[in-house]
Each structure stands twice: as C-alpha cells, then as structure tokens.
Amino acid sequence: MPRMTAARAAVEILKREGVSNAFGVPGAAINPFYAALKASGGVHHTLARHVEGASHMAEGYTRARPGNIGVCVGTSGPAGTDMITGLYSAIADSVPILCITGQAPTAVLHKEDFQAVDIASIARPVTKAATTVLEAAQVPGVFQQAFHLMRTGRPGPVLIDLPIDVQLTEIEFDPDLYEPLPVHKPAATRKQIERALEMLNDSERPLLVAGGGIINADASELLVEFAELTGVPVVPTLMGWGVLADDHELNAGMVGLQTSHRYGNANFLESDFVLGIGNRWANRHTGRLDVYTRGRTFVHVDIEPTQLGKIFAPDLGIASDAKAALELFVEVARELKAADGLRDRSQWAASTQERKATLQRRTHFDNVPLKPQRVYEEMNRAFGPETRYVTTIGLSQIAGAQMLHVYRPRHWINCGQAGPLGWTVPAALGVATADPGGSVVALSGDYDFQFMMEELAVGAQHRIPYVHVLVNNSYLGLIRQAQRNFDIDFQVNLEFENINSPELGGYGVDHVKVVEGLGCKAIRVTEPDRLLPAFEEAKKLAAEFRVPVVVEAILERITNISMSGTDIASVNEFEDVASEPGHAPTAIRPLATA
Numbered sequence: 092m093p094r095m096t097a098a099r100a101a102v103e104i105l106k107r108e109g110v111s112n113a114f115g116v117p118g119a120a121i122n123p124f125y126a127a128l129k130a131s132g133g134v135h136h137t138l139a140r141h142v143e144g145a146s147h148m149a150e151g152y153t154r155a156r157p158g159n160i161g162v163c164v165g166t167s168g169p170a171g172t173d174m175i176t177g178l179y180s181a182i183a184d185s186v187p188i189l190c191i192t193g194q195a196p197t198a199v200l201h202k203e204d205f206q207a208v209d210i211a212s213i214a215r216p217v218t219k220a221a222t223t224v225l226e227a228a229q230v231p232g233v234f235q236q237a238f239h240l241m242r243t244g245r246p247g248p249v250l251i252d253l254p255i256d257v258q259l260t261e262i263e264f265d266p267d268l269y270e271p272l273p274v275h276k277p278a279a280t281r282k283q284i285e286r287a288l289e290m291l292n293d294s295e296r297p298l299l300v301a302g303g304g305i306i307n308a309d310a311s312e313l314l315v316e317f318a319e320l321t322g323v324p325v326v327p328t329l330m331g332w333g334v335l336a337d338d339h340e341l342n343a344g345m346v347g348l349q350t351s352h353r354y355g356n357a358n359f360l361e362s363d364f365v366l367g368i369g370n371r372w373a374n375r376h377t378g379r380l381d382v383y384t385r386g387r388t389f390v391h392v393d394i395e396p397t398q399l400g401k402i403f404a405p406d407l408g409i410a411s412d413a414k415a416a417l418e419l420f421v422e423v424a425r426e427l428k429a430a431d432g433l434r435d436r437s438q439w440a441a442s443t444q445e446r447k448a449t450l451q452r453r454t455h456f457d458n459v460p461l462k463p464q465r466v467y468e469e470m471n472r473a474f475g476p477e478t479r480y481v482t483t484i485g486l487s488q489i490a491g492a493q494m495l496h497v498y499r500p501r502h503w504i505n506c507g508q509a510g511p512l513g514w515t516v517p518a519a520l521g522v523a524t525a526d527p528g529g530s531v532v533a534l535s536g537d538y539d540f541q542f543m544m545e546e547l548a549v550g551a552q553h554r555i556p557y558v559h560v561l562v563n564n565s566y567l568g569l570i571r572q573a574q575r576n577f578d579i580d581f582q583v584n585l586e587f588e589n590i591n592s593p594e595l596g597g598y599g600v601d602h603v604k605v606v607e608g609l610g611c612k613a614i615r616v617t618e619p620d621r622l623l624p625a626f627e628e629a630k631k632l633a634a635e636f637r638v639p640v641v642v643e644a645i646l647e648r649i650t651n652i653s654m655s656g657t658d659i660a661s662v663n664e665f666e667d668v669a670s671e672p673g674h675a676p677t678a679i680r681p682l683a684t685a
C-alpha cells in the first residue's frame, strides 16, 4: 500500500471528489496541507486577502455551476473563526462548501497553545458536521464522509480541522482505490404526486412557488416543463429566481415584503392553491402568515423532512429532492394531459400577465443626484440574459430584485438568509472563477462594498474580471429606512468631508481612488445619461485588463424603496408608480394603461 502524509491523502481525495479550485490563506498550522497542495498539483488555489473572503469565494464558486463544491482553507485560531460567517451563510442557503483549517498539535490542544481554539465546537451549529481529526489514519474517512454529507439530503457546509502533527503523519493510502460514497436523497412516491395533482386540479387559481432547492437539484428545466404541461403560473422565490425566464408567459412575478413585484404580490393574493417546491417559506417572502395563507390550500415539497410544517402546516407535505419530485410531477402530468385530465388554466394565466403589464414601478427618473431606480433601468439595457448577478443585502439588493431581470438558473446569486455585508465582492470573485468566460455583474451599496473591498486586489492579482455596480448614497440605507418606525436617523450616516477628495462634496470615501489603489479600474457616474456608456465602458475595460471594474453611481442621499413591514397586501410604494410606458421603459412587459 502506498504511504503518504495525511495532508497529501486529503489533497488526493479532493481531486477525486471533483475539486479543481480552492480559496484560502496559508499559515503555520496549515502549511503541511499547502505543501501537499503544491506537490500534488491539479487544484488551483486563489490567495484571498481575508479568510472570511475565502469562505465567500468558495460559496460563490459552488453556486455558479451544478456539481461544484467550493473549498476554503485557513490556518488555526482566527482563520477558522473568520470563516464562521461564510459557513453560516452557506448552511442558511443550503450551499455545500468545505472549510479546511489547520490546528495546533494534538498534544497541546487543551493547553492554550498559540492560536489553538476549539473551532469544531464553534462551527458545529453552522455546519452539517465539524470535526477535529485526532488520528491521521482517519483523515481519508473523514474527508470521504464530508463530501457524502455535503451532497446528501439538504446540501450544506462541512468543516474539517487538521492538527499540524496529524497532517504530517504518514499513513497507508492508495488514491487509485478511492471512490466517493453514493449520495442519498429522499424521493417522492407516485401516490404522493398523484394526490398533489388531484389537489391542484381541484383548484381554480393555482400557483407554483419555485424555491432555491430546484436550482440546487439542477431541476429548472423540469419545473418549466411541468408548468407548461399544466399551464400553472410560477412564482420564483428570491433564491429560485431564474428557474424560468422573467419573460416567460407563466412567470407570475416574485412575492414578498421587500424583494417582490407589485404584480407578483397581486397575483399571489388572487390564488387559491399553492404548490411550493424546494422553498422554505422565508419570512421576507411570506410576511404575516394569516394574510399569506388565508383562503389557500398548500402542498409543500422539500428535501428536508423537518422543513415540512416548520413555518406553517401544509395541507400536504412531501419529503423529496426537487428533481425526483419534478420527474414524477412531469410523468403524471403528461399522462393526465394525454387523457384530457388537466384543467384549462389559460384564462387564469392570462390574468397574471395582465397584472404584469399594469402593476409596475417607475424606473425612469432624470434626477441629479441619481435616483437608484434609473441605475437598474440602465443595467437592464446594458446587461443581457447571459448576465450572472451577484449581491447580498441592503436597499441595493432589494431594489435590484424589484427592477432587474433574470432569465436563467444560477444567474441571480444572492445571499438570502444570512445576508452578511461584505459578501458581494468575494462571492463575485468565486462566481467569476467558476465561469471565467461569463458575464458576471455584482451589485453593492457603499457599506456592503466597504466591508471587504480589499478582496478586489485578489481579482487584480489573479486576473479575475467582472463588473461591480456600486450605488453610493453614503448611508446605511436599509437601516435608515427601518429606523423611520422609531422616528430616528441614528448612526447610519456615512458621509464626511474627504480632505483628499473635496470634489466628492461630502460623500466621504473616494471609492475610485481605493479601487485604483487595489489594482482595478473604476468609473464614477453622476448623471443619468452617463450610466449606460459607463456600463459599456466597464465591460470593455474588464475584457481588456482582466480585472474587476467598478462603476460607482452617486445617488441622492435618501430614497425609500418599496416594501412592507408586515404583510404582502400592504406594501408601501413611497414613489409614484408607473402610469405611462415611458416611466418603465425596460419592464418585461410594456405598461398597459387604461
């Protein structure tokens, strides 16, 4: 049997599990693993500037392509604790990433050794498993189990902690004999699917709610086929956005308190039956449950059995992988259609599209400073259906979800449940690494951008091009808007007079200078007619210099973005809505007026 260090065995397993990229920062306690990474070859490593950034890069990398598992690596102590936010983000959104940390020698783990911390205990609540390996011979089994866990059932992250002496110990291991463990996913039965379709057939105005589990299962085509077979309109969740194109005739719009469309909420409130697949009834989607559920029958399909009934009790719950369920839904629907056993939904579907053509928000404003709505309008013009949008949280993300258009799965890559500021830059780098020839466009407010903007240097060093749209109002905009309920405007102002950039007029940080100092390109826009040319120029600069290019749009200080604090029936629009076609020129459907 061949002999090698446990660290080398770990690297060989990574390659046989399909890993080709890793993101991380070396350090004393993880250097044996890095030595094995170099000696083995075959895994490209991207050096991050912050270990939390590496974890978000890994998550972006996973989300961009079916089957990808991003790997992040760091040394002992603070490197592991830095990656906790990335693990939380990943488990919250069912994203498999593998976090590998170094650790102090096993003999001193409980002796307050330098940078020795019980990272496995810290990480356990935000992972599917977190293990400090104490015996070198267990390393192959622990790594094999990690990939099995990440892929089995509801996907999620795993942390493996490797003491330095464990990494250096030689073990007997033959990589040629290694095989990944078979993956188990629960599957619906035909009886369950038949019952669900009976309930759908009994309804008058059914909707399909398509969650991120459909994208995780790579089942978007099946969802579209099922919708088209039955004629039932589809509401994508924020995490499921892209399962079918925004301009598809059965796309009924998104629903929710914040990241929703006017017509999406209106369509949902008219429904009487909801079949949710791969979704978790997130509170920003549902709002008050009495409003959301009143007068509706619910069927819920989810890969995680304990998710069924967690938020509210469905009339029928089915524990199943989304792909396995949709394969049966399509099979049974085809049989019913052939037997003329499906109801005609054309009138109901047409009514959802009528709302889509009448209930729109205004995006066209000529104001200086810019109104954010105009930025998204020009983004719709500049960036086509091939664009992968990457964003995390804030008014920028909420307004973007209301006004941008997405046409394909994995083309809206959004940190949904955790929403950590700073996620966007490193996640975009991970997405661009996974799709080096693609069109990647990140979207940030100024505070999200400032949290981890040092990671732009990673893009400059490793030649990872993408376009980053930075909407700058020098405010914690979402928190300021929430503080209206408390009649305060406290500790949310980011403006100051920059003594080195007086031309900014009190907007504070000179993002252009910072971006250029990190080796990237930047364009500042202050007038609406300059937005589209700036986006076009950014695409050219990214292609020419192979670095991130930031387009900073200087916004008016205060804009209240449409949202509700309570329920989907009472969204406050704040701005005047679109009343003529010129108010929303890039809407999916031209505005129909009475």
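Residue numbering for the sequence shown follows the numbering used here, starting at 92 and increasing by one per position. Here a beta-carbon is modelled for each residue, glycine too, at the ideal position from N, C-alpha and C.
Asked: Is it buried or exposed, F665, if we count other Cβ atoms within 10 angstroms and call 16 or more buried?; Found: exposed
Asked: Would you mind giving the Cβ-Cβ distance between L547 and C611, rounded to the nearest angstrom? I have them listed as a contact below 8 Å.; Found: 5 Å
Asked: Take the Cβ of Q438 as the centre, count every other Cβ of all protein chains shown within 10 Å, and call the residue buried at 16 or more, exposed below.; Found: exposed
Asked: Taking G610 as part of the alpha helix (DSSP H), name the residues at either end of that continuous run.; Found: Per DSSP, G610 belongs to no alpha helix (DSSP H) and is neither H nor E.
Asked: Are there 16 or more other CB atoms within 10 angstroms of the CB of E426, so buried, or fewer, so exposed?; Found: exposed
Asked: Under the DSSP definition of a beta bridge, which residues are partnered with T137?; Found: F114
Asked: Can you tell me whether DSSP reads H559 as helix, strand or coil?; Found: strand
Asked: Rounding to the nearest angstrom, what Cα-Cα distance links L646 and V459 in this structure?; Found: 8 Å
Asked: Can the beta-carbon of F238 be found closer than 8 Å to that of C163?; Found: no
Asked: Out of E340, T192 and G344, which has the shortest C-alpha to C-alpha gap to G71?; Found: What is shown of the chain runs 92 to 685, which leaves residue 71 out entirely.
Asked: Going by DSSP in three states, T153 sits in which element: helix, strand or coil?; Found: helix
Asked: Can you give me the start and stop residues for the beta strand (DSSP E) that P254 sits inside?; Found: V249 to P254
Asked: Take Q297 as the anchor and find which of I504, L433, A523 and P676 has the nearest alpha-carbon.; Found: It should be pointed out that residue 297 corresponds to Pro in this sequence rather than to Gln. If we check each option's Cα against that of P297, L433 comes out closest.
Asked: Could you compute how far the alpha carbon of A221 sits from the alpha carbon of E150?; Found: 17 Å
Asked: Output needed for P676: all residues of its chain with C-beta closer than 8 Å, excluding positions within five of it in sequence on either side, in chain order.; Found: T454, H455 and E468
Asked: Rounded to whole angstroms, what is the Cα-Cα separation between T377 and R554?; Found: 41 Å
Asked: Alpha carbon to alpha carbon, how far is A509 from F403? Give it in angstroms, no decimals.; Found: 21 Å
Asked: Shortest alpha-carbon distance to K447 belongs to which of F359, D209 and S411?; Found: F359
Asked: By DSSP's criteria, R94 is part of a beta bridge. Which residues make up the other side?; Found: E263
Asked: Go ahead and label V199 buried or exposed: buried means 16 or more other beta carbons lie within 10 angstroms of its beta carbon, across all protein chains shown.; Found: exposed
Asked: Return the CA-CA distance between V423 and E285, expressed in angstroms with no decimal places.; Found: 7 Å
Asked: Counting Cβ pairs, one atom from each stretch, are 3 or more of them under 8 Å apart for the stretch 183–195 and the stretch 139–154?; Found: yes
Asked: Using alpha carbons as the reference points, say which of W372, Q398, A492 and P405 lies closest to R387.; Found: P405
Asked: Name the residue from A416, V208 and S294 whose alpha carbon lies nearest to the alpha carbon of Q283.; Found: A416
Asked: For Q572 and E289, I'd like the C-alpha separation in whole angstroms.; Found: 45 Å
Asked: In whole angstroms, what is the alpha-carbon distance linking I394 and G247?; Found: 12 Å
Asked: Where does V382 fall in DSSP's three states?; Found: helix
Asked: Looking at N159: is its Cβ nearer than 8 Å to the Cβ of A669?; Found: no
Asked: Under three-state DSSP, which class holds E295?; Found: coil
Asked: Quick check on the DSSP output: the alpha helix (DSSP H) that includes I213 runs from which residue to which?; Found: I210 to A214
Asked: Quick one: grab the DSSP three-state call for L200.; Found: coil
Asked: Could you name the residues of the same chain whose beta carbon sits closer than 7 Å to that of T384, not counting the 5 residues immediately before and after it, in chain order?; Found: F403
Asked: Assuming V334 and A301 make a contact with CB atoms under 8 Å, what is their CB distance in whole Å?; Found: 4 Å
Asked: Can you say whether P273 is buried or exposed, counting buried as having 16 or more other CB atoms within 10 angstroms of its CB?; Found: exposed
Asked: Going straight from the alpha carbon of D578 to that of F364, what length do you get?; Found: 40 Å
Asked: From T449 to Q235, what does the alpha carbon distance come to, in whole angstroms?; Found: 54 Å
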